[in-house]
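*Asks:* If you use mature numbering (1 follows the signal peptide of the UniProt record, and there is no 0), the sequence shown corresponds to residues -26 to -1, 1 to 196, in order.
Glycine included, C-beta positions come from ideal geometry on N, C-alpha and C.
Structure in C-alpha coordinates, see below.
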Amino acid sequence: MESGRRAAAALLALLCAGCALRSGRAQYERYSFRSFPRDELMPLESAYRHALDQYSGEHWAESVGYLEISLRLHRLLRDSEAFCHRNCSAAPQPEPTAGLARYPELRLFGGLLRRAHCLKRCKQGLPAFRQSQPSREVLADFQRREPYKFLQFAYFKANNLPKAIAAAHTFLLKHPDDEMMKRNMAYYKSLPDAEDYIKDLESKSYEVYLDFYTGFSCDVNC
(Lines of atoms letter the chains of each structure in order from A and count residues from 1; the text may use other names and numbers.)
(Lines give C-alpha, C1' and ligand atoms only; values in the text may rest on other atoms or scores of the structure.)
Protein backbone atom coordinates (compact mmCIF):
# COMPACT_ATOMS: atom_id res chain seq x y z
CA MET A 1 0.00 0.00 0.00
CA GLU A 2 2.96 2.28 0.74
CA SER A 3 4.19 1.95 -2.84
CA GLY A 4 0.70 2.86 -4.03
CA ARG A 5 0.74 6.02 -1.94
CA ARG A 6 4.16 6.97 -3.33
CA ALA A 7 2.87 6.51 -6.86
CA ALA A 8 -0.18 8.56 -6.01
CA ALA A 9 1.98 11.37 -4.70
CA ALA A 10 4.02 11.36 -7.89
CA LEU A 11 0.84 11.57 -9.93
CA LEU A 12 -0.31 14.51 -7.85
CA ALA A 13 2.76 16.50 -8.79
CA LEU A 14 2.23 15.79 -12.49
CA LEU A 15 -1.44 16.57 -12.83
CA CYS A 16 -2.61 19.84 -14.33
CA ALA A 17 -2.36 22.85 -12.06
CA GLY A 18 -5.41 24.39 -13.68
CA CYS A 19 -8.03 22.21 -12.01
CA ALA A 20 -11.01 24.34 -11.01
CA LEU A 21 -11.61 24.99 -7.32
CA ARG A 22 -15.06 24.03 -6.14
CA SER A 23 -16.65 25.07 -2.89
CA GLY A 24 -16.87 22.22 -0.41
CA ARG A 25 -18.46 21.64 2.96
CA ALA A 26 -16.51 20.37 5.91
CA GLN A 27 -17.23 16.80 6.95
CA TYR A 28 -18.44 17.97 10.34
CA GLU A 29 -21.30 20.08 9.00
CA ARG A 30 -23.52 17.00 9.30
CA TYR A 31 -22.21 16.23 12.77
CA SER A 32 -24.56 16.47 15.72
CA PHE A 33 -23.89 15.14 19.19
CA ARG A 34 -27.53 15.71 20.11
CA SER A 35 -28.98 13.87 17.09
CA PHE A 36 -26.32 11.89 15.26
CA PRO A 37 -27.70 10.55 11.94
CA ARG A 38 -29.02 7.03 12.50
CA ASP A 39 -27.90 5.92 9.05
CA GLU A 40 -24.29 6.69 10.03
CA LEU A 41 -24.26 4.85 13.35
CA MET A 42 -21.86 1.94 12.92
CA PRO A 43 -18.64 0.69 14.52
CA LEU A 44 -15.89 3.25 13.99
CA GLU A 45 -13.31 0.61 13.12
CA SER A 46 -15.55 -0.99 10.49
CA ALA A 47 -16.19 2.36 8.81
CA TYR A 48 -12.49 3.24 8.82
CA ARG A 49 -11.32 -0.14 7.52
CA HIS A 50 -13.91 -0.03 4.76
CA ALA A 51 -12.76 3.47 3.81
CA LEU A 52 -9.14 2.30 3.53
CA ASP A 53 -10.19 -0.74 1.49
CA GLN A 54 -12.02 1.55 -0.93
CA TYR A 55 -8.99 3.84 -1.03
CA SER A 56 -6.72 0.92 -1.96
CA GLY A 57 -9.17 -0.02 -4.70
CA GLU A 58 -9.19 3.59 -5.99
CA HIS A 59 -12.92 3.96 -5.36
CA TRP A 60 -12.50 7.58 -4.40
CA ALA A 61 -16.11 8.63 -3.78
CA GLU A 62 -16.79 5.62 -1.56
CA SER A 63 -13.51 6.14 0.28
CA VAL A 64 -14.26 9.82 0.88
CA GLY A 65 -17.74 9.02 2.17
CA TYR A 66 -16.57 6.47 4.71
CA LEU A 67 -13.53 8.48 5.80
CA GLU A 68 -15.85 11.39 6.53
CA ILE A 69 -18.25 9.11 8.40
CA SER A 70 -15.38 7.63 10.42
CA LEU A 71 -14.23 11.12 11.42
CA ARG A 72 -17.73 11.96 12.59
CA LEU A 73 -17.96 8.67 14.50
CA HIS A 74 -14.63 9.36 16.16
CA ARG A 75 -15.78 12.82 17.18
CA LEU A 76 -19.03 11.36 18.52
CA LEU A 77 -17.07 8.86 20.61
CA ARG A 78 -14.69 11.52 21.89
CA ASP A 79 -17.45 14.00 22.70
CA SER A 80 -19.54 11.29 24.37
CA GLU A 81 -16.60 10.28 26.57
CA ALA A 82 -15.96 13.90 27.52
CA PHE A 83 -19.65 14.49 28.20
CA CYS A 84 -19.92 11.58 30.62
CA HIS A 85 -16.72 12.48 32.46
CA ARG A 86 -17.80 16.08 32.84
CA ASN A 87 -21.32 15.13 33.89
CA CYS A 88 -20.09 12.70 36.54
CA SER A 89 -17.41 15.08 37.81
CA ALA A 90 -20.07 17.73 38.38
CA ALA A 91 -22.41 15.41 40.28
CA PRO A 92 -22.80 16.38 43.96
CA GLN A 93 -21.19 14.02 46.43
CA PRO A 94 -23.26 12.78 49.39
CA GLU A 95 -22.23 13.70 52.89
CA PRO A 96 -20.24 10.87 54.52
CA THR A 97 -21.90 8.95 57.30
CA ALA A 98 -20.60 9.40 60.80
CA GLY A 99 -18.83 6.07 60.66
CA LEU A 100 -17.04 6.73 57.37
CA ALA A 101 -15.95 10.23 58.33
CA ARG A 102 -13.07 8.72 60.30
CA TYR A 103 -11.82 6.65 57.34
CA PRO A 104 -10.76 8.90 54.41
CA GLU A 105 -9.54 5.90 52.40
CA LEU A 106 -13.01 4.34 52.48
CA ARG A 107 -14.57 7.67 51.52
CA LEU A 108 -12.20 7.91 48.56
CA PHE A 109 -12.97 4.35 47.51
CA GLY A 110 -16.69 5.02 47.79
CA GLY A 111 -16.31 8.11 45.61
CA LEU A 112 -14.49 6.09 42.97
CA LEU A 113 -17.24 3.48 42.96
CA ARG A 114 -19.94 6.13 42.61
CA ARG A 115 -18.07 7.74 39.72
CA ALA A 116 -17.61 4.39 37.97
CA HIS A 117 -21.33 3.68 38.37
CA CYS A 118 -22.19 7.15 37.06
CA LEU A 119 -19.97 6.70 33.99
CA LYS A 120 -21.46 3.29 33.28
CA ARG A 121 -25.02 4.60 33.41
CA CYS A 122 -24.17 7.65 31.33
CA LYS A 123 -22.52 5.57 28.61
CA GLN A 124 -25.46 3.18 28.49
CA GLY A 125 -27.60 6.10 27.34
CA LEU A 126 -25.34 7.26 24.51
CA PRO A 127 -25.29 5.69 21.01
CA ALA A 128 -21.51 5.91 20.64
CA PHE A 129 -21.05 3.23 23.30
CA ARG A 130 -23.67 0.88 21.86
CA GLN A 131 -21.31 0.08 18.99
CA SER A 132 -18.30 -2.22 19.21
CA GLN A 133 -15.37 -0.11 20.37
CA PRO A 134 -12.33 0.57 18.14
CA SER A 135 -8.91 -0.89 18.76
CA ARG A 136 -6.06 1.16 20.19
CA GLU A 137 -4.39 1.06 16.79
CA VAL A 138 -7.37 2.75 15.13
CA LEU A 139 -7.72 5.32 17.90
CA ALA A 140 -4.01 6.12 17.52
CA ASP A 141 -4.54 6.73 13.80
CA PHE A 142 -7.19 9.33 14.58
CA GLN A 143 -5.03 10.91 17.26
CA ARG A 144 -2.29 11.31 14.63
CA ARG A 145 -4.84 12.62 12.10
CA GLU A 146 -3.95 9.81 9.70
CA PRO A 147 -7.41 9.83 8.03
CA TYR A 148 -6.64 13.28 6.63
CA LYS A 149 -3.63 11.89 4.78
CA PHE A 150 -5.92 9.60 2.83
CA LEU A 151 -8.70 12.16 2.56
CA GLN A 152 -6.58 14.82 0.91
CA PHE A 153 -5.62 12.54 -1.96
CA ALA A 154 -9.10 11.02 -2.31
CA TYR A 155 -10.55 14.54 -2.45
CA PHE A 156 -7.95 15.46 -5.03
CA LYS A 157 -8.82 12.47 -7.20
CA ALA A 158 -12.50 13.41 -6.87
CA ASN A 159 -11.58 16.92 -8.08
CA ASN A 160 -12.69 18.51 -4.81
CA LEU A 161 -9.71 20.78 -4.27
CA PRO A 162 -11.13 22.96 -1.46
CA LYS A 163 -11.53 19.90 0.74
CA ALA A 164 -8.18 18.48 -0.39
CA ILE A 165 -6.46 21.70 0.67
CA ALA A 166 -8.16 21.72 4.07
CA ALA A 167 -7.37 18.04 4.65
CA ALA A 168 -3.71 18.53 3.71
CA HIS A 169 -3.41 21.50 6.05
CA THR A 170 -5.11 19.62 8.90
CA PHE A 171 -2.68 16.72 8.51
CA LEU A 172 0.37 18.99 8.29
CA LEU A 173 -0.47 20.68 11.58
CA LYS A 174 0.20 17.32 13.24
CA HIS A 175 3.04 16.30 10.89
CA PRO A 176 4.83 19.53 9.85
CA ASP A 177 7.87 17.61 8.56
CA ASP A 178 6.00 15.22 6.27
CA GLU A 179 7.76 15.81 2.95
CA MET A 180 5.09 14.31 0.72
CA MET A 181 2.33 16.41 2.21
CA LYS A 182 4.51 19.52 2.13
CA ARG A 183 4.96 19.01 -1.62
CA ASN A 184 1.23 18.53 -2.05
CA MET A 185 0.50 21.71 -0.11
CA ALA A 186 3.03 23.64 -2.18
CA TYR A 187 1.14 22.54 -5.27
CA TYR A 188 -2.21 23.51 -3.77
CA LYS A 189 -0.91 26.94 -2.79
CA SER A 190 0.02 27.58 -6.41
CA LEU A 191 -3.68 27.47 -7.34
CA PRO A 192 -5.85 30.60 -7.41
CA ASP A 193 -7.72 31.36 -4.17
CA ALA A 194 -6.13 28.38 -2.41
CA GLU A 195 -5.57 30.42 0.76
CA ASP A 196 -9.35 30.63 1.23
CA TYR A 197 -9.49 26.89 1.91
CA ILE A 198 -6.55 26.52 4.31
CA LYS A 199 -8.24 25.66 7.58
CA ASP A 200 -7.82 23.25 10.46
CA LEU A 201 -10.78 20.90 10.25
CA GLU A 202 -10.19 19.80 13.86
CA SER A 203 -9.91 23.26 15.40
CA LYS A 204 -13.44 23.26 16.85
CA SER A 205 -13.60 19.66 17.96
CA TYR A 206 -15.61 20.26 21.09
CA GLU A 207 -17.71 23.27 20.07
CA VAL A 208 -20.83 21.24 19.34
CA TYR A 209 -20.32 19.18 22.49
CA LEU A 210 -20.06 22.29 24.66
CA ASP A 211 -23.19 23.79 23.11
CA PHE A 212 -24.99 20.53 23.73
CA TYR A 213 -23.82 20.22 27.32
CA THR A 214 -25.15 23.63 28.31
CA GLY A 215 -28.68 22.65 27.28
CA PHE A 216 -28.83 18.99 28.22
CA SER A 217 -28.17 16.91 31.32
CA CYS A 218 -27.30 13.24 31.19
CA ASP A 219 -29.99 11.11 32.82
CA VAL A 220 -27.94 9.45 35.56
CA ASN A 221 -28.30 8.98 39.28
CA CYS A 222 -24.86 9.42 40.83
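#1: Are the beta-carbon atoms belonging to Y122 and A141 less than 8 angstroms from one another?
#2: Of the choices K148, F103, M159, whose alpha-carbon is the least far from that of S177?
#3: Going by the CB atoms, is the gap between F130 and L26 shorter than 8 angstroms?
#4: Thinking C-alpha only, which one of Y22, S54, F57 is nearest Y40?
#5: Helix, strand or coil for L15, going by three-state DSSP, please let me know.
#6: Can you give me the start and stop residues for the alpha helix (DSSP H) that Y171 sits inside?
#7: Grouping DSSP H, G and I as helix and E and B as strand, with all else coil, what is A140?
#8: Tell me which residue opens and which closes the alpha helix (DSSP H) that S63 is part of.
#9: For Q105, report the span of its alpha helix (DSSP H) as first-last.
#10: Starting from the C-beta of R119, find all residues in its chain whose C-beta is less than 8 angstroms away, skip the five residues before and the five after it, and write them out in chain order.
#11: With distance defined between alpha-carbon atoms, name the residue in D115, Q117, R110, S54 nearest to R95.
*Replies:* With the given structure in hand:
#1: Yes; because the gap between Cβ atoms is below 8 angstroms, this pair is in contact.
#2: Of the candidates K148, F103, M159, the one whose C-alpha sits nearest the C-alpha of S177 is K148.
#3: Here L26 is not near F130, since their CB atoms are 8 angstroms or more apart.
#4: Of the listed residues, the one whose Cα sits closest to Y40 is Y22.
#5: The answer is coil: DSSP assigns L15 none of H, G, I, E or B.
#6: Per DSSP, Y171 belongs to no alpha helix (DSSP H) and is neither H nor E.
#7: Note: A140 maps to helix in three-state DSSP.
#8: Judged by DSSP secondary structure, S63 falls within the alpha helix (DSSP H) whose first and last residues are 34 to 63.
#9: No alpha helix (DSSP H) contains Q105, which DSSP labels as neither H nor E.
#10: Taken in chain order, the residues that qualify are T144, F145, L147, K148, H149, E176.
#11: The residue from D115, Q117, R110, S54 with its alpha-carbon nearest to that of R95 is S54.
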